[in-house]
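The sequence shown lines up with residues 2 to 81 when you count with this note's numbering. These notes are about the structure you will find just below.
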Amino acid sequence: VNYDRNLILFAGPGSGKTTVLALRILTHIFCDRVPPHAILATTFTVKAAAELRSRLLGWGFALRSELLADRSVVGADRNW
């Protein structure tokens with residue numbers, strides 16, 4: 002995966018942009034080991050930014066808890 006490339010996502014209201022962006026960010030963090038501080042996501046409105054933040058934190062902490070509870074995740078994967 003090339004992380005030097007930008008992603009621009011354009012779509013109409015209610016089409017799932019926030020979901021796609023949140024899941025892409027979480028995939029980079031949990032699967033590709035991209036440090037969260039290396040990711041920049043922008044939105045056009047404060048409301049959209051708040052919704053993105055809410056999903057990232059809610060889904061991210063839920064994923065983290067599930068992964069930590071899974072004893073088959075060991076070593077470097079567990080430490081990440």
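Virtual Cβ for every residue (Gly too), placed ideally from N, Cα, C.
In the structure shown, D78 adopts helical secondary structure according to DSSP, grouped into three states. By alpha-carbon distance to A39, the top candidate from I30, V47, T46 is I30.
Taking a C-beta distance under 8 Å as the contact criterion, R34 and W81 qualify as a contact pair. Distance from the CA of G61 to the CA of P14, rounded to the nearest whole angstrom, comes to 24 Å. The residues A23, in chain order, have a CB closer than 6 Å to that of R56 in the same chain once the five nearest residues on each side in sequence are set aside.
Between L64 and L27, the gap from beta carbon to beta carbon is short of 8 Å. The Cβ atoms of L68 and V75 lie no closer than 8 Å to each other.
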